[in-house]
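**Student:**
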Amino acid sequence: MEGATQGVVVAGDQGEGNGLTQLSFHQGVVVHQLGTAYVTDYWNHRITRWPKEATQGSVIVGGNDDGEQSNQLYYLYGLSFDRHGNLCVVDYGNHRV
Numbered sequence: 072m073e074g075a076t077q078g079v080v081v082a083g084d085q086g087e088g089n090g091l092t093q094l095s096f097h098q099g100v101v102v103h104q105l106g107t108a109y110v111t112d113y114w115n116h117r118i119t120r121w122p123k124e125a126t127q128g129s130v131i132v133g134g135n136d137d138g139e140q141s142n143q144l145y146y147l148y149g150l151s152f153d154r155h156g157n158l159c160v161v162d163y164g165n166h167r168v
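Last residue of the sequence shown: number 168 in the numbering used here, and the count goes up by one each step with no gaps.
1. Mind checking whether residue 117 and residue 100 have CB atoms under 9 Å apart?
2. Is it buried or exposed for residue 148, if we count other Cβ within 10 angstroms and need 16 for buried?
3. With H, G and I counted as helix, E and B as strand and the rest as coil, what does DSSP make of residue 148?
4. When the Cα of residue 125 is compared with those of 113, 155, 112 and 82, which residue comes out closest?
5. Buried or exposed: where does residue 128 fall if 16 or more other Cβ atoms within 10 Å of its Cβ makes it buried?
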């Protein structure tokens, strides 16, 4: 925000790692209109959801190691919601969305 002198941490802030309070090389974030942040966690191969004012996230997609199975992701680069509220994820390592 232009002119802001302070920021607010909305996800992570506990160092790099794979815990629910940590992220590892995040590549994208979308903040839902209700304040929930959705984060691509590249090295952990997962999408985490961080409700407004949460102290830890929850894994909503992936987190089952890297791979090509339907419940696995392999290096994430971006995410967005379509007009119907569906989450779309760029799964770079598997060449799929």
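Just so it is clear, CB atoms sit at the ideal spot from N, CA and C, and this is done for glycine as well.
**Tutor:** By the coordinates alone:
1. Your numbering for residue 117 matches position 46 in the sequence shown. Your numbering for residue 100 matches position 29 in the sequence shown. Not a contact, by the Cβ cut-off of 9 Å.
2. Looking up residue 148 in the sequence shown gives position 77. Taking all protein chains in view, the Cβ of residue 148 is surrounded by fewer than 16 other Cβ atoms within 10 Å, so the residue is classified as exposed.
3. Start at 1 with the first residue of the sequence shown, and residue 148 comes out as number 77. In the three-state DSSP reduction, residue 148 falls in the strand class (E or B).
4. By one-based count along the sequence shown, residue 125 stands at place 54. Of 113, 155, 112 and 82, the residue nearest in Cα terms is 82.
5. Locating residue 128 in the sequence shown gives position 57, where the first residue counts as 1. Looking at its Cβ environment, which holds 16 or more other Cβ atoms inside 10 Å, residue 128 is buried.
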